[in-house]
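One structure is given below, encoded as structure tokens.
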Ligand code: FAD
Ligand code: 2HG
Ligand code: ZN
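Numbering (our numbering), first residue to last: 6 to 472.
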């Protein structure tokens with residue numbers, strides 16, 4: 006109640022008793038399947054950003070070893086009060102892979118990177134990649150409909166997930182584990198679970214369409230004089246690289262300064278300082294051919310003064326290092342205390358303007374600056390430019406209500422005016438639940454509530470969140 010003064014515990018829900026614990030031990034077996042000890046439950050009560058905290062006292066781990074998951078960024082994965090946490094970490098088996106169709110059937114608790122490594126050995130690739138790959142679960146990815154770094158190439162999980170199995174709130178097992186690409190027989194119910202953030206059922210198994218792994222990957226890192234230059238570079242990247250373009254990411258100067266401040270020993274990709282940087286990746290089947298295309302693109306954009314400076318990675322180590330400057334932004338930016346995160350879609354022409362407007366607003370209000378008196382130390386914009394998806398991050402020395410009030414609803418109103426989305430790829434969780442109306446009409450919200458009620462009439466699935 007102290008943590009969330011605006012929320013009240015729903016007294017329809019029981020409180021965990023010794024009898025409940027005994028029941029679950031009988032059901033799941035004792036040992037590591039039922040977690041009660043305070044120190045062991047604690048990690049499940051706090052999220053990755055150390056921003057949300059619950060009071061759960063019981064964690065159930067149907068059929069493994071380590072905790073995975075809990076990398077969500079909207080407070081959706083930790084309890085609010087004393088809800089029971091179900092960890093999927095022990096359900097982590099890969100069941101089958103058909104290398105002709107590319108269909109992978111696996112448990113929801115498989116770690117994304119482990120699934121991708123399995124596929125790499127078989128010449129295929131998981132159609133999603135993101136910075137948290139080493140700990141997030143594929144079930145969590147699907148539950149949040151995560152977008153990630155190669156959405157531009159492989160598209161949404163709404164297209165890649167062929168089927169799923171889920172347990173409904175009343176215990177019914179929904180078997181929609183189809184491995185077919187085409188299946189127009191009635192409503193496509195699985196789609197409701199993709200991006201539902203655990204609000205209508207628990208995903209237990211997935212069938213995912215996994216493409217052929219590209220034989221050749223090339224990466225260029227560009228320095229640019231302004232945001233309009235970055236937009237022009239993106240246009241040219243599409244024109245020159247078309248079918249081999251697999252990522253186009255944007256990073257502003259401040260984001261790179263903050264990464265540099267945390268990792269001063271790492272050599273920066275370009276010698277000079279630029280207001281913006283872009284990372285361009287190609288994935289294709291012929292390395293030499295792709296490299297030549299990327300070089301021709303770079304030559305063109307430099308000769309036209311669209312790009313001020315650029316470098317093309319010469320080997321896999323350099324590719325990894327260049328990606329590091331992009332992928333480590335979320336982690337480095339939290340180094341000073343906390344981060345207010347806004348994951349938004351905005352039509353490209355206006356996309357970066359929100360960063361300038363937020364910066365000006367916080368500075369005018371005396372909340373942004375270099376001294377300890379200022380709660381905010383940086384307003385940063387980066388993200389998946391190729392998908393019109395910006396991550397607006399405000400790095401703070403400490404979480405501070407004045408900063409939050411300056412940002413909300415200001416950011417949401419700004420986005421609604423431009424017909425953007427207040428949640429592009431991270432979901433609603435607890436953080437965005439009360440702002441859904443900025444991106445969805447009353448009619449749509451009413452229908453969503455009906456769906457929630459239909460599947461979960463007692464409101465027991467991830468309560469207090471989403472809708
Ligand atoms: P959790 O955090 O454990 O859960 C997330 C939500 O899904 C919760 O509401 C939970 O209740 C629900 N859920 C989890 N498992 C299931 C299940 N089996 N059935 C039903 N509901 C379930 N996101 C992007 O879209 N793109 C990115 O590029 C990206 N990069 C990231 C980088 C970092 C460093 C971090 C920390 C996060 C990033 N994310 C990104 C956020 C993203 O949402 C998560 O990383 C990931 O998709 C969540 O998976 P998880 O297993 O950790 O889920
Ligand atoms: C990314 O693209 C993730 O790096 C995280 O979606 C973004 O932390 C964020 O705001
Ligand atoms: Zn992202």
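Note that beta-carbon positions come from the ideal geometry of N, C-alpha and C, so glycine has one too. Computed from a predicted structure; not experimentally measured.
Beta-bridge partners of residue i, as assigned by DSSP
i	result
residue 207	172
residue 288	222
residue 99	111
residue 142	116
residue 389	394
residue 282	228 and 256
residue 400	344 and 383
residue 179	171
residue 373	381
residue 65	39 and 91
residue 350	394 and 426
residue 464	Bridge partners of residue 464: none, in fact.
residue 317	225
residue 248	Residue 248 is not bridged to any residue.
residue 214	108
residue 58	51
residue 166	213
residue 129	217
Distance, residue j Cα to residue i Cα
i	j	result
residue 539	residue 157	Beyond the ends of the chain as shown, which are 6 and 472, falls residue 539; an answer cannot be given.
residue 69	residue 172	Bear in mind that a pLDDT of 47 at residue 69, under 50, signals an unreliable position, so the number given afterwards is only what the model happens to contain. Approximately 20 Å, taken between the alpha carbons.
residue 359	residue 311	22 Å
residue 79	residue 308	43 Å
residue 370	residue 199	40 Å
residue 346	residue 399	7 Å
residue 74	residue 181	23 Å
residue 431	residue 279	29 Å
residue 175	residue 457	13 Å
residue 6	residue 43	Any answer about residue 6 is weak, because its pLDDT of 48 lies below 50 and its placement is not dependable; what the coordinates show is given next. The straight-line gap from Cα to Cα measures roughly 19 Å.
residue 286	residue 140	24 Å
residue 332	residue 135	8 Å
residue 208	residue 461	14 Å
residue 275	residue 16	58 Å
residue 443	residue 10	23 Å
residue 439	residue 50	22 Å
residue 165	residue 146	12 Å
residue 469	residue 12	8 Å
residue 107	residue 160	16 Å
residue 259	residue 425	24 Å
residue 55	residue 297	45 Å
residue 465	residue 411	33 Å
residue 282	residue 148	31 Å
Among the options, nearest to residue i - alpha-carbon criterion
i	options	result
residue 478	443, 212, 187 and 278	Nothing in the structure corresponds to residue 478, since the chain is present only between 6 and 472.
residue 76	53, 89 and 61	53
residue 48	400, 83 and 376	83
residue 59	38, 89, 37 and 94	89
residue 4	305, 414 and 222	With the chain running from 6 to 472 in the structure shown, residue 4 is simply not present.
residue 408	298, 9 and 374	374
residue 329	268, 222 and 194	268
residue 150	203, 460 and 397	203
residue 255	122, 230, 344 and 247	230
residue 45	316, 81, 62 and 32	62
residue 383	191, 263 and 22	263
residue 341	367, 380 and 316	380
residue 57	434, 441 and 455	434
residue 337	265, 205, 397 and 281	265
Sequence-distant residues of the same chain with beta carbon closer than 8 Å to residue i, five excluded per side
i	result
residue 445	453
residue 124	102, 109, 130, 131, 215 and 218
residue 353	236, 239, 390 and 393
residue 463	17 and 174
Sequence-distant residues of its chain with Cβ nearer than 7 Å to residue i (five each side left out)
i	result
residue 143	111, 113, 115, 117, 120 and 211
residue 178	170 and 172
residue 168	181, 182, 183, 184, 195 and 212
residue 392	152, 156 and 157
residue 313	228, 229, 230 and 279
residue 96	67, 68, 112, 113, 114 and 209
residue 404	56 and 343
Other residues of its chain near residue i: CB distance less than 6 Å, five sequence neighbours each side excluded
i	result
residue 355	423
residue 290	220
residue 416	347
residue 104	127
residue 86	14 and 60
residue 420	349 and 427
Proximity test, residue i beta-carbon vs ligand 5 heavy atom, cut-off 7 Å
i	result
residue 382	Within the structure as shown, ligand 5 is missing, the only ligands being ligand 1, ligand 2 and ligand 3.
Please enumerate, following chain order, all residues with a beta carbon closer than 7 Å to at least one heavy atom belonging to ligand 3. For ligand 3, residues qualifying as neighbours are 135, 152, 153, 348, 388, 389, 394, 396 and 430, where qualification means a beta carbon closer than 7 Å to at least one of its heavy atoms (chain order).
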